[in-house]
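Student: Following this message is one structure expressed as structure tokens.
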Amino acid sequence: PPPSPPFPLLQIHPPSSSSPLPACFLPAPTTPAARSRELPPPPPRPRRALARAPRDPKLDTVEKIVEDFASDMALNPFSSGTRLRDMIRAIRACKTAAEERAVVRRECAAIRAAISGDGQDLRHRNMAKLMFIHMLGYPTHFGQMECLKLIAAAGYPEKRIGYLGLMLLLDERQEVLMLVTNSLKQDLNHSNQFIVGLALCALGNICSAEMARDLAPEVERLMRSRDANTKKKAALCSVRIVRKVPDLAENFMGLAASLLKEKHHGVLISAVQLCTELCKASKDALEYLRKNCIEGLVRILRDVSNSSYAPEYDVAGISDPFLHIRVLKLMRMLGQGDADCSDYMNDILAQVATKTESNKNAGNAILYECVETIMGIEATSGLRVLAINILGRFLSNRDNNIRYVALNILMRAITVDAQAVQRHRVTILECVKDADASIRKRALDLVYLLVNDTNVKPLTKELVDYLQVADPDFKEDLTAKICSIAEKFSQEKLWYLDQMFKVLSLAGNHVKDDVWHALIVVISNASELQGYSVRSLYTALQAYSEQGSLLRVAVWCIGEYGEMLVNNVGMLEAEGPITVTESDAVDAVELGLNRYSPDVTTRSMCLVALLKLSSRFPSMSERIKQIVSQNKENMVLELQQRSIEFGSIIQRHQSIRSSLLERMPVLDEAAYLVKRASATQATIPAYKPAAVTPGGLKLPNGVAKPAAAPLVDLLDLSSDDAPVTSAASATTAPSDFLQDLLGIGGTNLSTAGAPSSASTDILMDLLSMGSSPSQNGLPSPGLSSPALGKSNSNRNNDLIFCFCSHY
Amino acid sequence: HPTRSRPPSTDADPRRWHSRLSAILPSLATGCHPVRPRRQIRAATPTRPRSSSRASADLRGRRPSLAMINFVLLISRQGKVRLTKWYSPYTQKERTKVIRELSGLILTRGPKLCNFVEWRGYKVVYRRYASLYFCMCIDADDNELEVLEIIHHFVEILDRYFGSVCELDLIFNFHKAYYVLDEILISGELQESSKKNVARLIAAQDSLVEAAKEEAGSISNIIAQATK
Numbered sequence: 001p002p003p004s005p006p007f008p009l010l011q012i013h014p015p016s017s018s019s020p021l022p023a024c025f026l027p028a029p030t031t032p033a034a035r036s037r038e039l040p041p042p043p044p045r046p047r048r049a050l051a052r053a054p055r056d057p058k059l060d061t062v063e064k065i066v067e068d069f070a071s072d073m074a075l076n077p078f079s080s081g082t083r084l085r086d087m088i089r090a091i092r093a094c095k096t097a098a099e100e101r102a103v104v105r106r107e108c109a110a111i112r113a114a115i116s117g118d119g120q121d122l123r124h125r126n127m128a129k130l131m132f133i134h135m136l137g138y139p140t141h142f143g144q145m146e147c148l149k150l151i152a153a154a155g156y157p158e159k160r161i162g163y164l165g166l167m168l169l170l171d172e173r174q175e176v177l178m179l180v181t182n183s184l185k186q187d188l189n190h191s192n193q194f195i196v197g198l199a200l201c202a203l204g205n206i207c208s209a210e211m212a213r214d215l216a217p218e219v220e221r222l223m224r225s226r227d228a229n230t231k232k233k234a235a236l237c238s239v240r241i242v243r244k245v246p247d248l249a250e251n252f253m254g255l256a257a258s259l260l261k262e263k264h265h266g267v268l269i270s271a272v273q274l275c276t277e278l279c280k281a282s283k284d285a286l287e288y289l290r291k292n293c294i295e296g297l298v299r300i301l302r303d304v305s306n307s308s309y310a311p312e313y314d315v316a317g318i319s320d321p322f323l324h325i326r327v328l329k330l331m332r333m334l335g336q337g338d339a340d341c342s343d344y345m346n347d348i349l350a351q352v353a354t355k356t357e358s359n360k361n362a363g364n365a366i367l368y369e370c371v372e373t374i375m376g377i378e379a380t381s382g383l384r385v386l387a388i389n390i391l392g393r394f395l396s397n398r399d400n401n402i403r404y405v406a407l408n409i410l411m412r413a414i415t416v417d418a419q420a421v422q423r424h425r426v427t428i429l430e431c432v433k434d435a436d437a438s439i440r441k442r443a444l445d446l447v448y449l450l451v452n453d454t455n456v457k458p459l460t461k462e463l464v465d466y467l468q469v470a471d472p473d474f475k476e477d478l479t480a481k482i483c484s485i486a487e488k489f490s491q492e493k494l495w496y497l498d499q500m501f502k503v504l505s506l507a508g509n510h511v512k513d514d515v516w517h518a519l520i521v522v523i524s525n526a527s528e529l530q531g532y533s534v535r536s537l538y539t540a541l542q543a544y545s546e547q548g549s550l551l552r553v554a555v556w557c558i559g560e561y562g563e564m565l566v567n568n569v570g571m572l573e574a575e576g577p578i579t580v581t582e583s584d585a586v587d588a589v590e591l592g593l594n595r596y597s598p599d600v601t602t603r604s605m606c607l608v609a610l611l612k613l614s615s616r617f618p619s620m621s622e623r624i625k626q627i628v629s630q631n632k633e634n635m636v637l638e639l640q641q642r643s644i645e646f647g648s649i650i651q652r653h654q655s656i657r658s659s660l661l662e663r664m665p666v667l668d669e670a671a672y673l674v675k676r677a678s679a680t681q682a683t684i685p686a687y688k689p690a691a692v693t694p695g696g697l698k699l700p701n702g703v704a705k706p707a708a709a710p711l712v713d714l715l716d717l718s719s720d721d722a723p724v725t726s727a728a729s730a731t732t733a734p735s736d737f738l739q740d741l742l743g744i745g746g747t748n749l750s751t752a753g754a755p756s757s758a759s760t761d762i763l764m765d766l767l768s769m770g771s772s773p774s775q776n777g778l779p780s781p782g783l784s785s786p787a788l789g790k791s792n793s794n795r796n797n798d799l800i801f802c803f804c805s806h807y
Numbered sequence: 001h002p003t004r005s006r007p008p009s010t011d012a013d014p015r016r017w018h019s020r021l022s023a024i025l026p027s028l029a030t031g032c033h034p035v036r037p038r039r040q041i042r043a044a045t046p047t048r049p050r051s052s053s054r055a056s057a058d059l060r061g062r063r064p065s066l067a068m069i070n071f072v073l074l075i076s077r078q079g080k081v082r083l084t085k086w087y088s089p090y091t092q093k094e095r096t097k098v099i100r101e102l103s104g105l106i107l108t109r110g111p112k113l114c115n116f117v118e119w120r121g122y123k124v125v126y127r128r129y130a131s132l133y134f135c136m137c138i139d140a141d142d143n144e145l146e147v148l149e150i151i152h153h154f155v156e157i158l159d160r161y162f163g164s165v166c167e168l169d170l171i172f173n174f175h176k177a178y179y180v181l182d183e184i185l186i187s188g189e190l191q192e193s194s195k196k197n198v199a200r201l202i203a204a205q206d207s208l209v210e211a212a213k214e215e216a217g218s219i220s221n222i223i224a225q226a227t228k
């Protein structure tokens with residue numbers, strides 16, 4: 001236990017540390033009036049000495065507690081309840097979140113009680129507690145009015161804590177804030193500069209547009225005040241006012257320009273920031289400042305960069321880098337698109353760019369800003385070379401921060417001088433391989449901008465090589481960028497295919513669906529490369545069978561172009577012959593079917609491929625039938641249905657099988673690209689929710705059907721208009737049936753069931769399946785959402801035809 | 001303050017909170033990181049929550065920026081918030097979310113990486129002092145290096161004001177830390193580049209409060225005497 005405290009008061013209010021309970025558990029306070037009768041009069045306390053007593057470094061010593069207590073008592077002589085310090089301690093002592101909530105709840109209850117009672121003398125402390133509670137993330141809205149009351153009080157301490165509470169507990173969107181306008185106005189006119197300062201600070205941090213309009217005249221007046229601190233605060237406050245109400249910019253521009261003649265750095269910094277804001281807000285202000293302050297700015301920059309050592313403003317040997325940077329930023333605004341202004345700045349910019357030391361962060365910050373300014377204004381070519389050289393130095397710096405910043409600015413420099421940026425290509429490529437995620441991302445974005453017709457091949461090669469060793473986290477970004485580059489420069493088909501095959505092999509799991517869809521469209525269009533594609537994919541699949549997208553593309557190609565794989569049709573010169581038997585090809589697909597058990601899309605594709613192979617390789621059909629039938633009892637309806645249907649096609653309907661399983665018609669590339677572009681825009685808001693929600697629906701047998709969304713993607717793949725037109729005339733009627741049959745598009749029973757009767761007798765017979773809607777029309781959950789609707793079900797029909805080819 | 005330093009303790013020990021922020025000030029005072037070897041690609045980094053995918057629609061888009069510095073955050077190594085100051089409007093809900101996302105993003109970063117994190121189209125500049133992370137969120141085209149200097153400026157002023165500041169100072173005297181911050185930033189813009197000037201202004205205001213307390217104290221004495 002601590003030694004007995006020196007004041008009798010403390011025996012009545014023991015510090016919480018001596019009590020086994022946190023202070024908040026102590027008996028509730030009696031009213032101040034009652035207490036004043038009970039208490040012995042406090043002895044005269046040597047408060048002065050206490051206030052001056054050096055702060056004891058050991059935070060929790062008795063002296064410290066006593067001192068705090070005394071200072072609390074000094075403000076509220078008859079107060080009780082827990083002190084701020086005790087509350088913080090109690091909260092920190094909590095072991096669990098529940099405990100913490102309990103303590104906070106108790107405190108809040110006490111504060112509410114104090115607010116609704118007269119609670120005058122505890123207001124100060126309660127506000128401090130509320131701010132702490134607010135910081136922990138608990139609701140504190142009930143304290144908002146207390147802020148206003150404190151602000152309206154006469155004393156400085158109350159106002160200080162009141163304004164702090166106002167800034168922390170409220171933001172500009174709260175109605176309560178309007179009530180404070182009057183108090184603010186009074187305080188802005190107060191004779192005490194610190195009270196004016198508080199009001200300006202609050203106004204600058206949270207004022208709303210209405211308040212800005214109401215109080216702008218006061219702030220304007222204060223910018224003319226004699227006190228430097230008031231001036232700088234008023235200038236920054238006007239920054240906020242101008243942001244909120246750009247119309248007011250004209251009122252401030254004369255004042256802002258005149259503040260630039262001051263000596264005080266705080267005022268200068270604030271004034272420069274105000275000017276920058278004015279330039280953004282109004283064209284007139286920009287013109288005015290161009291005329292009136294460019295000389296002043298150059299002078300300020302010259303003075304501050306030539307000034308001798310000034311300890312007050314010195315940062316790592318550089319005099320006031322903050323002022324440097326702000327002036328440079330304003331110069332950029334003024335010089336942009338104005339040759340005269342830019343001309344005027346050239347000398348001083350050259351001086352800053354050459355003389356600033358670059359071994360410290362502060363110096364580099366100035367150089368960074370200077371380079372940006374040179375890039376931004378109409379600088380001379382010599383100056384630009386200087387800037388690019390500085391960037392080169394930055395880029396080879398060992399400090400990650402500097403390299404990050406260099407990459408950042410090169411992004412902007414590329415529009416100014418692409419050639420100069422190209423020179424640093426090697427270094428930038430190195431940065432793509434950095435250990436730091438921020439740097440990698442910047443560098444990759446930059447490389448993406450650097451790619452052009454001449455360097456696309458080496459750059460892509462580098463990126464693809466790096467893909468092999470990249471972080472799993474980073475692979476997704478990298479893959480997307482490589483694919484995007486490859487597609488952008490895909491005039492040379494063979495090169496594009498090669499790159500895509502490599503990406504699929506190395507990071508097939510990160511390739512987006514639309515990317516491999518596009519790849520399939522390209523393969524289907526490049527008839528002379530189909531053989532090469534299927535062979536390359538088959539070879540890649542042997543080595544990288546774990547890559548999902550690779551497997552899908554490979555399986556699709558094997559299904560379509562199986563005979564080219566086996567017969568080495570369409571060999572390219574550079575290609576070595578491979579020997580693949582029919583059984584090998586079936587093996588590859590079977591492997592995919594078995595390996596990817598959870599992925600319905602892949603497995604469905606495998607089944608379709610097997611079906612197609614059964615017609616390409618008649619000798620294999622018995623084996624294929626066996627593999628397909630393994631899925632007859634699959635719990636996933638989609639697979640079960642395909643398995644049964646495909647089984648019957650193979651077994652019983654050999655006469656129509658070959659025509660049913662012809663190769664897919666060439667997919668329309670242009671139509672796909674258009675659709676893809678619109679899909680990527682529409683996908684995010686509308687498409688996703690519709691596709692994803694039904695995926696969670698339960699089937700009657702209680703098995704959730706996964707992968708509804710991929711199915712939709714799959715359908716999208718071939719739902720171009722081209723096959724519709726080619727096949728439409730013959731197939732309008734049976735398409736409904738087929739859709740029903742394969743259980744993909746059976747959205748609404750009306751479309752699925754009714755029209756099937758007339759034209760489907762043959763098919764019915766053919767597939768020996770019942771046609772009753774109740775049996776076939778089990779809606780496939782993936783598509784049962786009304787949002788996809790009927791137009792989609794038509795698209796789905798097309799799909800079936802794409803897969804089964806012209807029926 | 002020689003008595004304030006405590007013996008070094010393990011990570012689990014809460015007393016390590018006492019470690020001086022300024023213990024690492026000397027190396028920072030140079031304003032430059034110690035030269036670090038370029039690291040080659042690591043095999044794997046710890047997976048980090050992807051902020052963008054979880055971001056709600058209201059926060060995903062960039063809001064029009066209202067300030068150079070959109071907010072200031074002080075987070076402890078354990079993810080506890082020590083100070084927050086918002087210069088752009090965020091609702092309470094958004095604030096909680098921002099803090100959660102950023103602490104996930106920043107606290108997991110290794111010590112040798114750069115001090116910038118890209119987040120929802122903004123950049124968050126952070127710097128670690130002992131157990132505390134000082135974070136400031138700026139626009140994508142602002143000067144990151146300068147913000148590092150502003151953070152250091154703030155820390156040096158805190159250090160001067162508290163006399164070798166430590167995390168506990170900022171916990172128990174959080175309001176004073178806010179007062180200091182209010183003398184450095186208004187409306188997300190820097191207002192004073194002189195540490196001495198800030199210290200002088202804060203001291204003047206503190207003495208104003210002291211004087212008011214004295215006055216209140218003497219009045220209470222009079223009342224006490226009268227009621228005796």
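Residue numbers (the UniProt record's numbering), protein chains in the order written: chain E, 1 to 807; chain P, 1 to 228.
Where is the CB? At the ideal position from N, CA and C, for every residue including glycine.
Just so you know, these numbers come straight off a predicted model, no measurement behind them.
Whole angstroms are fine: how far does the CA of P/S88 sit from the CA of E/E210?
Tutor: Each residue's Cα considered, the two are about 16 Å apart.
Student: So the candidates are E/N400, E/R384, E/A437, E/W495; which of them puts its Cα closest to the Cα of E/Q419?
Tutor: Cα-wise, what sits closest to E/Q419 is E/R384.
Student: Is it buried or exposed for P/T227, if we count other Cβ within 10 angstroms and need 16 for buried?
Tutor: Answer is exposed; the Cβ neighbour count stays below 16.
Student: Do the region 75-85 of chain P and the region 141-158 of chain P make contact, defined as three or more Cβ pairs closer than 8 Å?
Tutor: Result no; under three Cβ-Cβ pairs closer than 8 Å.
Student: Take every Cβ of the region 267-286 of chain E, pair it with every Cβ of the region 116-123 of chain P, and state whether three or more of those distances are shorter than 8 Å.
Tutor: No: fewer than three Cβ pairs fall under 8 Å.
Student: Is E/Y288 helix, strand or coil by DSSP?
Tutor: Looking at E/Y288 - three-state DSSP - the assignment turns out to be helix.
Student: Have a look at E/N400, E/Q351, E/L255 and flag the residue whose alpha-carbon is nearest the alpha-carbon of E/N306.
Tutor: The shortest C-alpha separation from E/N306 is found at E/Q351.
Student: Apart from the five residues just before and just after P/V172, which ones in its own chain have a Cβ nearer than 6 Å to its Cβ?
Tutor: Per the sequence shown, residue 172 of chain P should be read as Phe rather than Val. So the list is empty, once near-sequence residues are dropped.
Student: Looking at C-alpha atoms only, which residue of E/D214, E/Y561, E/S659, E/C201 is the closest neighbour of E/T230?
Tutor: Among E/D214, E/Y561, E/S659, E/C201, the Cα nearest to that of E/T230 belongs to E/C201.
Student: I'd like the span of the alpha helix (DSSP H) that includes E/I578, first residue to last.
Tutor: Note, E/I578: premise wrong, no alpha helix (DSSP H); not H, not E.
Student: Would the beta-carbon of E/I390 fall within 7 Å of that of E/Y344?
Tutor: No, they are not a contact pair.
Student: Quick check: the region 146-160 of chain E against the region 158-167 of chain P, are at least 3 beta-carbon pairs closer than 8 Å?
Tutor: Segments in contact, no.
Student: Counting only the same chain and skipping the five closest in sequence on each side, list residues whose C-beta sits under 8 Å from that of residue 854 of chain E.
Tutor: Residue 854 of chain E is absent from the structure shown; chain E starts at 1 and stops at 807.
Student: With distance defined between alpha-carbon atoms, name the residue in E/F252, E/T427, E/V245, E/S545 nearest to E/G235.
Tutor: It is worth fixing the name first, because residue 235 of chain E is Ala in this sequence and not Gly. Nearest C-alpha to E/A235: E/F252.
Student: Within the continuous alpha helix (DSSP H) that includes P/S218, where are the two ends?
Tutor: First-last of the alpha helix (DSSP H) with P/S218: 195-227.
Student: Is E/C237 closer than 7 Å to E/G204 when the C-beta atoms are compared?
Tutor: In this structure, E/C237 lies closer than 7 Å to E/G204 by Cβ.
Student: For E/L497, which three-state DSSP category applies?
Tutor: Of the three classes helix, strand and coil, the one that applies to E/L497 here is helix, per DSSP.
Student: At least one CB of chain P closer than 7 Å to the CB of E/P246: is that the case?
Tutor: It does not: the Cβ of E/P246 has no partner Cβ on chain P nearer than 7 Å.
Student: To the nearest angstrom, how far is the alpha carbon of E/Q193 from that of P/S220?
Tutor: Approximately 28 Å, taken between the alpha carbons.
Student: Leaving out five residues before and five after P/H33 in sequence, what residues of the same chain have Cβ atoms less than 7 Å from its Cβ?
Tutor: Residue confidence for P/H33 is low, a pLDDT of 39 falling below 50, so the modelled location carries little weight and cannot support an answer.
Student: Establish whether the CB of E/Y313 and some CB of chain P are separated by less than 7 Å.
Tutor: Yes, because at least one Cβ of chain P sits closer than 7 Å to the Cβ of E/Y313.
Student: Rounded to the nearest angstrom, what separates residue 809 of chain E and E/V104 at their Cα positions?
Tutor: Given that chain E is displayed from residue 1 to residue 807, the structure contains no residue 809 of chain E and the question cannot be resolved.
Student: With a cut-off of 8 Å, do at least 3 Cβ pairs link the region 389-406 of chain E to the region 176-192 of chain P?
Tutor: No, the region 389-406 of chain E does not touch the region 176-192 of chain P.
Student: Sort out for me which residues DSSP pairs P/T84 with in a bridge.
Tutor: P/L73.
Student: Let me know if E/P40 comes out buried or exposed under the rule of 16 or more other beta-carbons within 10 Å of its beta-carbon.
Tutor: Residue confidence is low: E/P40 scores 44 on pLDDT, short of 50, so the model does not pin down where it sits. Its coordinate-derived value is still stated next. Counting Cβ neighbours within 10 Å, E/P40 comes out exposed, since fewer than 16 surround it.
Student: Which residue or residues does DSSP assign as beta-bridge partners of P/E189?
Tutor: P/E189 pairs with P/I186.
Student: Taking Cβ positions only, does P/Q191 come closer than 7 Å to chain C?
Tutor: You won't find chain C in this structure, because its protein chains are E and P.
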